Amino acid sequence: MNEREPQAVGVTGHMGLRRLGRRLMVMSTAATLVMLPVSRMYGQSTGGGAGDGAVIDLHQALARARADGPLHQLANAREQTAIGRVRESTQWANPSLEWRRENLGSALQPDIFATAYVPFDFSGRRVALRQATSAGTARAHGDYQADWRSADLDVARGWLHAAMSAGVLDVLERQAAALRQIADVDAARWREGLVAEAVALRTSLEADRARMALMGARRNAELARTELARLLGRSPGDAVLATLTAPAMPGAPDSLVLQSAAATARPELRAREASVRETDRRLTAEQRGVFGEVQLQGGTKETSGVMTGQIGIAMPLPFFNRNDGARQRARGESMEARVQLEDTRRVVHGSVRVALLHYQNLQAAQPDAATFGTRGRDVAEIARASYREGHVTLTELLDAERASADAMQAHLQWMVDAWLARLELERAVGARLDADSPLDLPLLSTLPTGR
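What follows is the structure, given as structure tokens:
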């Protein structure tokens, strides 16, 4: 028979002694619950897959991701692809060399030609395309920087999510252990007739519910670790997550200063400005492309044993194709680039405003939110001591246990929210608030703010 379920046992004549023994056991168990260590409350999970590698914190996670992570490598690859496309579309045309021998198989003396064809940019189209190269390269580099910074933020989110999942797992492990001990004690007390059957059933139910919640927390923690390992380009078990701690939340300048800094530091703006310049140069090139490529020809000719020279010029006549389609496409790309620039400016302005407001709200809540974990532990300890002394009921104890776990999880969530609020504000501005930030951004104090 399962000892975790209430069992019907008769009351003997030695009830007083047995009650005294059970009460002493309950007091001892409650004292044990009060003394449960909390040093691991915000540390790494004890679940499987933790690995035996070195402890990795947020700074180290970002350093690993920049070296091996797929998001950062994709940013590098996309930059190379974009620069290659710019260079491919703006290359100078190569000259051609022709050698030809005619009159083969006849009684006539052979004619031998050696001719060189040199493209000549008569309309200036190639010059305009070459002028677009520097702007296109600047656009590609700006997009690369934006992707790189977004990758940093994605990795930070992944680490924070994994660290919080490990902390939640630790909280639920301790809650499940405490509830299991309470359920075992109350089952024994019910068998001795010290508590009602409903009490023993309630504690057993709560212990089983906590065990089921623990199973889900283990799965979530393992999923979060696996996703973080993917972001780092590593195997899931090669590192142990460091303890999740609250970030420093330095004071932020006012919105006007941050908006001015963002206009200087955000690579998305630089990329869109370069895109406008690039598309303008390409539109100029296609407008000059009404006349096709001109070729200058020069060479030698040997005919009837006499060596002569030859010179010529060749160009397509714009009868059927006046480059209308290419001009229309280039005009549309130029319009699109300008619209994207204005839209990016609005996006930057809005993101700085929203991120600053969220950061200030969390900063104002820091004095209270930072004590969630301590107050949650105090609630559980006081309730256990009171239950041991008979001052609170079982229902009140269980409610206090649940409130304690909720408060500790709320503390973990607040720390994650505070980290994300700071990192998202710095990402929106394009600069770090101070040197302790893990993001790969310039310091805000080094940026000009008079723009």
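If you read the sequence shown in this note's numbering, its first letter stands for residue 1, the second for the next number, and so on. Yeah, the Cβ is synthetic: ideal placement off N, Cα and C, and Gly gets one too. The structure displayed is predicted, hence computed values, not measured ones.
Which residues bound the beta strand (DSSP E) around Ser334?
No beta strand (DSSP E) contains Ser334, which is instead part of the alpha helix (DSSP H) from Asp324 to Ala369.
Boundaries of the beta strand (DSSP E) in which Leu296 is found, first to last residue
Val294 to Thr303
Apart from the five residues on each side of it in sequence, which residues of its chain come closer than 6 angstroms, Cβ to Cβ, to Ala138?
Ala274
Should Phe372 be labelled buried (16 or more other beta-carbon atoms within 10 Å of its own) or exposed?
Buried, because 16 or more other Cβ atoms sit within 10 Å of the Cβ of Phe372.
Under 7 angstroms between C-beta atoms of Leu62 and Asp152
Yes; because the gap between Cβ atoms is below 7 angstroms, this pair is in contact.
Would you mind stating whether Ala405 and Val168 have Cβ atoms separated by less than 7 angstroms?
no
For Tyr117: DSSP bridge partner residues:
Residue pairing by DSSP puts Tyr117 in a beta bridge opposite Ser96 and Gln297.
Could you pull out every residue in the same chain whose Cβ sits closer than 8 angstroms to the Cβ of Thr133, ignoring the five residues on either side in sequence?
Val86, Arg87 and Thr90
Own chain, CB closer than 7 angstroms to Asp417, minus 5 neighbours either side, in chain order
Leu362
Helix, strand or coil for Thr308, going by three-state DSSP, please let me know.
Here Thr308 carries a strand assignment [DSSP, helix/strand/coil].
Backbone secondary structure at Ala252 - three-state DSSP
coil
Going by beta carbon distance, what residues of the same chain come within less than 6 angstroms of Ala210, once the five residues before and after it are set aside?
Cβ-Cβ distances below 6 angstroms link Ala210 to Gln175, Ala176 and Leu179 in the same chain, with the five nearest sequence neighbours on each side left out; the list follows chain order.
Provide the residue span of the alpha helix (DSSP H) that contains Ala418, from first to last.
Annotation for Ala418: the continuous alpha helix (DSSP H) segment containing it runs Leu394 to Val429.
Given this structure, state the Cα-to-Cα distance separating Gly457 from Gly430, to the nearest angstrom.
This structure gives no information on residue 457, because the portion of the chain shown stretches from 1 to 451.
With Leu244 and Met415 assumed to form a contact (beta carbons below 8 angstroms), what rounded beta-carbon distance in angstroms separates them?
6 angstroms
Use the C-beta contact count for Trp190: other C-beta atoms within 10 angstroms, 16 or more gives buried, fewer gives exposed.
Under this definition Trp190 is a buried residue.
Using the C-alpha atoms, what's the distance from Thr203 back to Ala213?
Their backbone Cα atoms lie some 15 angstroms apart in a straight line.
Ala314 - DSSP class collapsed to helix/strand/coil:
strand
In chain order, what residues of the same chain lie with their CB nearer than 8 angstroms to the CB of Ala494, ignoring the 5 residues before and after it?
As displayed, the chain neither begins before 1 nor continues past 451, which places residue 494 out of reach and without an answer.
Rounded to whole angstroms, what is the Cα-Cα separation between Trp148 and Thr284?
32 angstroms
Whole beta strand (DSSP E) runs in the region 258 to 295 with 3 or more residues, listed along the chain?
none
Have a look at Val34 and Asp184 and give me their C-alpha separation to the nearest angstrom.
At Val34 the pLDDT is 34, less than 50, meaning the model places this residue with poor confidence and gives no usable figure here.
Taking all protein chains shown into account, decide if Trp92 is buried (16 or more other Cβ within 10 angstroms of its Cβ) or exposed.
exposed
According to DSSP, simplified to helix, strand and coil, what is Glu192?
coil
Can you tell me which residues form a DSSP beta bridge with Ile56?
Paired residues: Leu241.
Please work out which residues of its chain come closer than 8 angstroms, Cβ to Cβ, to Ala326, disregarding the five sequence neighbours upstream and downstream, and give them in chain order.
Glu286 and Gly289
Express the C-alpha separation of Pro318 and Ala505 in angstroms, rounding to a whole number.
Because the chain here runs from 1 to 451, residue 505 falls outside it and cannot be looked at.
Looking at the structure shown, is Arg101 part of a helix, part of a strand, or coil, going by DSSP?
strand
8 angstroms contact criterion, which Glu278 and Asp111 should meet: CB distance rounded:
Taking the Cβ atoms as the reference, Glu278 lies roughly 48 angstroms from Asp111, outside the contact range of under 8 angstroms.
Leaving out the 5 sequence neighbours to the left and right, which residues in its chain are closer than 7 angstroms to Arg331 when beta-carbon positions are compared?
Here the set comprises Leu283.
Count the other CB atoms, across all protein chains shown, that sit within 10 Å of the CB of Asp143; report buried if there are 16 or more and exposed otherwise.
buried
Rounding to the nearest angstrom, what Cα-Cα distance links Trp159 and Arg377 in this structure?
25 angstroms
Tell me Asp111's beta-bridge partners as DSSP assigns them.
DSSP lists Glu102 as partners of Asp111.
Skipping 5 residues on each side, what residues in its chain have a beta carbon closer than 6 angstroms to that of Pro247?
Ala418, Trp419 and Arg422
Hey, could you find the ends of the alpha helix (DSSP H) Leu223 is sitting in?
Glu197 to Leu232
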